[in-house]
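A short write-up of the structure that comes next.
Put into structure tokens, the structure is as follows:
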């Protein structure tokens with residue numbers, strides 16, 4: 003649940019585009035929820051626009067990402083913070099129960115920061131993080147079958 007009407011709601015779900023070049027997904031969602039208008043979409047990747055080539059943190063965008071895998075580390079850090087907050091403050095009422103939605107691609111999962119972060123998530127039972135993996139078998143170096151052999 004992401005309430006775009008109350009952007010400073012600490013319990014809003016977070017959306018992080020780890021493969022930042024795919025940020026158009028988020029911009030389209032913002033357009034469909036009437037936060038952005040068509041001119042914002044038309045100004046994609048233009049200097050000083052609301053729609054830069056990679057996500058830039060703002061009241062609406064939850065994290066800046068650039069290097070592949072960075073968003074996974076950021077998202078897991080936010081997930082850990084929320085888990086700590088919920089253990090301390092969710093006594094009589096539930097204040098914290100949001101999810102962290104992280105979009106990533108093949109290139110993200112080839113980076114050490116991602117595998118270390120995912121391992122950390124498992125070891126510390128950080129269960130409020132959802133990773134959405136675009137397995138398109140391509141990266142900047144070409145088809146992943148030529149150099150990436152892990153079975154994810």
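Numbering (our numbering), first residue to last: 3 to 154.
Cβ coordinates follow ideal geometry from the N, Cα and C atoms, glycine included.
Determine the direct distance from the alpha carbon of residue j to that of residue i, and round the result to whole angstroms.
i, j, result
"residue 99", "residue 65", "19 Å"
"residue 67", "residue 56", "7 Å"
"residue 30", "residue 59", "17 Å"
"residue 144", "residue 138", "11 Å"
"residue 20", "residue 76", "9 Å"
"residue 97", "residue 13", "7 Å"
"residue 46", "residue 52", "8 Å"
"residue 79", "residue 41", "34 Å"
"residue 142", "residue 48", "22 Å"
"residue 33", "residue 136", "22 Å"
"residue 111", "residue 71", "7 Å"
"residue 123", "residue 43", "35 Å"
"residue 62", "residue 54", "13 Å"
"residue 84", "residue 134", "19 Å"
"residue 152", "residue 11", "39 Å"
Just checking my contact of residue i with residue j at CB under 8 Å: how many whole Å lie between their CB atoms?
i, j, result
"residue 74", "residue 116", "4 Å"
"residue 24", "residue 107", "7 Å"
"residue 102", "residue 16", "5 Å"
"residue 26", "residue 104", "The Cβ separation is near 16 Å, so there is no contact."
Looking at the unbroken alpha helix (DSSP H) that takes in residue i, where does it start and where does it end?
i, result
"residue 108", "108 to 111"
"residue 122", "114 to 125"
Can you tell me where the beta strand (DSSP E) with residue i in it begins and where it stops?
i, result
"residue 132", "131 to 136"
Any beta strand (DSSP E) of 3 or more consecutive residues that is wholly inside the region 13 to 71
16 to 19
Do the region 129 to 141 and the region 81 to 89 make contact, defined as three or more Cβ pairs closer than 8 Å?
yes
In chain order, what are the residue ranges of uninterrupted alpha helix (DSSP H) at least 4 long that sit wholly in the region 67 to 103?
Counting only runs of 4 or more, we get 72 to 91.
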